[in-house]
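Novice: In this text, residue positions in the sequence shown follow full-length UniProt numbering: the first is 1, and each later residue adds one. By construction, the Cβ of each residue, glycine as well, lies at the ideal position given by its N, Cα and C atoms.
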Amino acid sequence: MTVPHTSELCKSINEAHARILPHINRTPLEHSLILSNQTECNVHLKLECEQVTGSFKARGAFNKLGICSNNAKSKQNYVTASSGNHAMACALALSKLKQKGTVYVPNYISEAKESYLKLYDIEVKKYGDDCLDTEKQARKMAEANDAVYISPYADLEIVYGQGTVGKEIVEDLPNVDAIFVSVGGGGLISGIGAYAKHQNSSIEIVGCSPSNSAVMQECVKAGEIIFIESLDTLSDGTAGGVEEGSITLPLCQKFVDKWVQVSEEEIAKAVYMILEKHHKMVEGSAGVAVAGFLKCKKDYIGKNVAIVICGANISMEKLKFVIGSVETENKSTASTNKH
């Protein structure tokens with residue numbers, strides 16, 4: 001698939017920002033004194049955990065559905081698939097834009113996300129144990145019912161919406177040296193990378209993935225979309241395979257400079273740290289980007305770093321697990337040190 005020129009991508013991201021701004025929050029880029037002092041870097045957190053629906057996904061959903069609803073001669077039916085955050089974003093966008101739709105979600109969707117979806121006038125169907133299977137089923141049903149399929153990432157108009165995160169980071173921190181982004185299907189990092197690189201090609205774009213599901217990273221390494229079995233991960237928002245033919249593969253190949261994998265323990269510690277030190281509840285996928293930065297912090301001493309805190313939608317079950325596991329380890333470490 002041909003990737004548009006970077007200047008065209010940037011232009012489309014600017015247009016997307018103007019389109020979605022009435023519907024979304026321009027989230028803060030908050031300086032983290034704690035992380036800055038801990039790492040000898042100048043660290044800022046892009047708080048998409050404070051976005052409408054609790055994640056960055058609202059940006060892509062409002063851009064795509066805004067374009068579709070403006071172009072449609074009559075009311076359309078829409079179908080989408082998601083592990084939760086994109087589904088929640090589409091549910092809100094469909095409601096605000098007075099459109100109808102069906103959302104396919106994997107069987108492992110968190111209770112928090114499923115409960116949120118039930119607030120909207122939208123049909124929710126569970127299918128598959130991997131998000132790739134869910135996406136395939138949703139696309140199949142969209143074609144069978146003459147509906148518009150809204151991909152969670154494999155669509156340039158979605159990428160343009162997500163890229164507005166990068167626009168805001170660069171505007172708020174013009175001298176940013178590196179941006180750390182969690183990667184699932186690659187829509188967020190593709191958009192951020194396209195915008196940031198057009199403004200300053202020296203900005204380093206770092207993709208962060210859970211070791212249990214580093215699918216896009218392995219696809220980039222292979223030079224093609226391949227099947228990689230995913231294991232359970234706290235980062236359910238980034239888990240699962242990448243859709244065949246996704247535009248995000250060539251975009252990631254072009255714009256991502258570095259890849260970092262993190263363990264489940266590192267993700268849990270990052271989620272706990274953001275809760276304890278910054279008083280913000282974040283989901284596992286947000287912890288992935290923080291953990292990724294902490295893993296290679298020595299490479300960025302003295303530099304300006306932005307970390308995308310991509311979402312807040314963590315279930316109580318997972319949050320309790322994170323708190324319990326980290327505090328148990330902390331007590332064990334303290335006891336060992338005493339002896």
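Relative to the alpha-carbon of Asn-14, which residue among Val-282, Gln-162, Cys-41 has its alpha-carbon at the smallest distance?
Specialist: Taking only the C-alpha atoms, the option nearest Asn-14 is Gln-162.
Novice: For the stretch 255 to 268 and the stretch 229 to 245, state whether three or more C-beta atom pairs, one from each stretch, are separated by less than 8 Å.
Specialist: Yes: the two stretches touch, three or more of their Cβ pairs being nearer than 8 Å.
Novice: Exposed or buried, His-198, counting other C-beta atoms within 10 Å across all chains shown (16 or more means buried)?
Specialist: His-198 comes out buried.
Novice: Taking the straight line between their C-alpha atoms, what separation do you get for Val-52 and Cys-90?
Specialist: Going by the C-alpha atoms only, they are around 11 Å apart.
Novice: Check each candidate in Ser-69, Leu-45, Tyr-127 and name the one with the smallest Cα separation from Gly-84.
Specialist: That would be Tyr-127, whose Cα lies nearest to the Cα of Gly-84.
Novice: Along the alpha helix (DSSP H) that carries Ile-158, what are the first and last residues, could you check?
Specialist: That run of the alpha helix (DSSP H) goes 156 to 172.
Novice: Give the DSSP-derived three-state secondary structure of Phe-321 in the structure shown.
Specialist: Here Phe-321 sits in helix by DSSP.
Novice: Can at least three beta-carbon pairs, one atom from the stretch 178 to 193 and one from the stretch 240 to 258, be found at a separation below 8 Å?
Specialist: In short, these stretches touch, since the Cβ pair count reaches three.
Novice: Buried or exposed: His-86, going by 16 or more other Cβ atoms within 10 Å of its Cβ?
Specialist: So His-86 counts as buried.
Novice: Gly-86 by DSSP, collapsed to three states: which one?
Specialist: Checking the sequence shown, residue 86 turns out to be His, not Gly. Correct three-state label for His-86: helix.
Novice: Determine the DSSP secondary structure at Ile-34, reduced to helix, strand or coil.
Specialist: Here Ile-34 sits in helix by DSSP.
Novice: Helix, strand or coil for Glu-123 per DSSP?
Specialist: Note: Glu-123 maps to strand in three-state DSSP.
Novice: With distances taken Cα to Cα, identify the nearest neighbour of Phe-293 among Ala-306, Met-281, Leu-132, Ile-189.
Specialist: Out of Ala-306, Met-281, Leu-132, Ile-189, Ala-306 has the C-alpha closest to the C-alpha of Phe-293.
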